[in-house]
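**Student:** Numbering (my numbering) for the first sequence: 32 to 300.
Each residue gets a CB set at the ideal place from its N, CA and C atoms; glycine is no exception.
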Amino acid sequence: MPELAEVEFYRRVWAVGLGDVVTSIDLHPQARVFRGTEPDSLRPLAGSTFSSALAHGKQLLFGFQGAGWLGVHLGMSGALSIAPPEHLADRHDHLVLRTGTQSLVFRDPRMFGRVRFDLGSEPPEWWTSQPAQVLSQAFNRKRFAQFLERRQGTPLKALLLDQSLFPGIGNWMADEILWRARLHPAKLPNQLSKCETSRLWRITREVARDALRVIAPDWGEAPDDWLFNHRWKAGGICPRPHCRCPLARAELRGRTSCWCPQCQDLASS
DNA sequence: TACAATGTTTTAAG
DNA sequence: CCTTAAAACATTGT
Numbered sequence: 032m033p034e035l036a037e038v039e040f041y042r043r044v045w046a047v048g049l050g051d052v053v054t055s056i057d058l059h060p061q062a063r064v065f066r067g068t069e070p071d072s073l074r075p076l077a078g079s080t081f082s083s084a085l086a087h088g089k090q091l092l093f094g095f096q097g098a099g100w101l102g103v104h105l106g107m108s109g110a111l112s113i114a115p116p117e118h119l120a121d122r123h124d125h126l127v128l129r130t131g132t133q134s135l136v137f138r139d140p141r142m143f144g145r146v147r148f149d150l151g152s153e154p155p156e157w158w159t160s161q162p163a164q165v166l167s168q169a170f171n172r173k174r175f176a177q178f179l180e181r182r183q184g185t186p187l188k189a190l191l192l193d194q195s196l197f198p199g200i201g202n203w204m205a206d207e208i209l210w211r212a213r214l215h216p217a218k219l220p221n222q223l224s225k226c227e228t229s230r231l232w233r234i235t236r237e238v239a240r241d242a243l244r245v246i247a248p249d250w251g252e253a254p255d256d257w258l259f260n261h262r263w264k265a266g267g268i269c270p271r272p273h274c275r276c277p278l279a280r281a282e283l284r285g286r287t288s289c290w291c292p293q294c295q296d297l298a299s300s
């Protein structure tokens with residue numbers, strides 16, 4: 032489920048525990064979410080103070096004073112929540128951090144998500160070496176144009192999903208971006224005019240900003256003039272005021288895309 | 001029942 | 001080393 036704004040929402044959920052001391056942890060050692068990580072390596076968390084909560088694209092990093100860094104990726108079905116101190120981990124609650132007053136719960140039924148842990152006082156290398164955030168200053172028009180030039184043969188939709196270029200963009204955001212930019216998901220970067228490339232850059236950032244504003248504080252509902260509320264609906268139509276054309280859906284590179292055949296013409300430019 | 005779900009990694013080929 | 005494409009991963013809900 033989670034993309035940029037949903038991940039930020041979950042960061043804030045756990046952040047209510049900042050400053051608390053972790054008294055104990057519960058985990059499912061055999062769960063796939065610990066692949067690449069020795070579950071026992073999380074032991075130092077017990078007794079440490081929860082001191083920072085960061086999000087970068089779809090990655091989460093939680094700092095624990097005197098212990099280290101807990102990395103969390105929510106995959107397709109992951110979620111973070113707060114529960115009472117006595118909360119019993121159910122089948123899908125793979126990690127629970129208990130403080131005196133509450134439990135921080137990581138849940139992931141499909142287990143495409145991942146948990147890792149690194150010792151040390153500085154954030155781990157995998158965190159600090161991440162690509163520039165879409166809303167950062169470094170993510171400028173020139174850099175964006177370079178991405179498109181380098182990946183000329185990749186359809187725009189697939190390109191936007193590349194986390195090494197656009198951290199945090201996921202399936203619904205990519206569809207929303209292309210719909211607002213009036214560009215067909217299967218269009219190739221080298222078919223874009225300079226003007227369209229600039230527009231796509233601007234709207235990529237606009238959607239990221241809007242998503243964070245609407246969703247991150249309290250998982251607010253998307254407005255009806257976004258594509259979001261229409262894209263999975265049976266018989267969904269384009270929410271653009273003078274369009275109202277039935278939306279199209281097709282699989283592209285293993286993910287379902289939704290677009291408006293009227294507004295997002297493959298041939299036009 | 002069968003298919004699809006807001007994601008990444010691996011593997012392979014060019 | 002770079003780009004591109006497809007399959008695999010695991011579970012649930014329609």
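1) Looking only at its chain, what residues have a beta carbon closer than 7 Å to the beta carbon of A98, apart from the 5 residues adjacent to it on each side?
2) Can you check which of these residues, I56, R172, H125 and L297, is closest to P186 by C-alpha distance?
3) Spell out the partners DSSP gives G102 in its beta bridges.
4) Taking 7 Å as the limit between beta carbons, can you name the residues of its chain near V64, skipping five residues before and five after?
5) Between Q295 and W210, is the Cβ-Cβ spacing less than 8 Å?
6) Hey, would you say R43 sits closer than 8 Å to A247, going by beta carbons?
7) Going by DSSP, what residues sit across from A110 in a beta bridge?
8) Which residue or residues does DSSP assign as beta-bridge partners of C289?
9) Which residues does DSSP list as the beta-bridge partners of D57?
10) Would you check if the stretch 151-159 and the stretch 221-231 touch, i.e. whether three or more CB-CB distances between them fall below 8 Å?
11) Hey, quick one: how far does the beta strand (DSSP E) through T80 stretch, first residue to last?
12) Work out the CA separation of H261 and G201 for me, nearest whole Å.
13) Between the Cα of S152 and the Cα atoms of L135, H118 and W100, which residue gives the shortest distance?
14) Can you look up A200 in the DSSP assignment and give me helix, strand or coil?
15) Three or more C-beta pairs closer than 8 Å, one from the stretch 32-48 and one from the stretch 81-89: is that the case here?
16) What residue range does the alpha helix (DSSP H) around K264 cover?
17) Determine the burial state of K173: buried for a count of at least 16 other Cβ atoms within 10 Å of its Cβ, exposed for fewer.
18) Just to confirm the assignment, what range does the alpha helix (DSSP H) spanning R240 have?
19) Where L179 and L111 are concerned, what is the direct C-alpha to C-alpha distance, given to the nearest angstrom?
20) Just checking my contact of A239 with G199 at CB under 8 Å: how many whole Å lie between their CB atoms?
21) Give the range of the alpha helix (DSSP H) segment to which E37 is assigned.
**Tutor:** So, from the listed chains and residues:
1) P75, L76 and S79
2) L297
3) According to DSSP, G102 bridges with L92 and R147.
4) The residues H125, D139, M142, G144, R145 and V146, in chain order, have a CB closer than 7 Å to that of V64 in the same chain once the five nearest residues on each side in sequence are set aside.
5) Yes, these two residues count as a Cβ contact at 8 Å.
6) yes
7) R138
8) R280
9) DSSP lists V127 as partners of D57.
10) Verdict: no, contact absent.
11) T80 to H87
12) 17 Å
13) The candidate whose alpha carbon is nearest that of S152 is W100.
14) The question names Ala, but residue 200 is Ile in the sequence shown. Looking at I200 - three-state DSSP - the assignment turns out to be coil, as it is neither helix nor strand.
15) yes
16) K264 -> no alpha helix (DSSP H), and no H or E assigned at all.
17) exposed
18) K225 to I246
19) Looking at the two C-alpha atoms, the distance is approximately 34 Å.
20) 7 Å
21) L35 to A46
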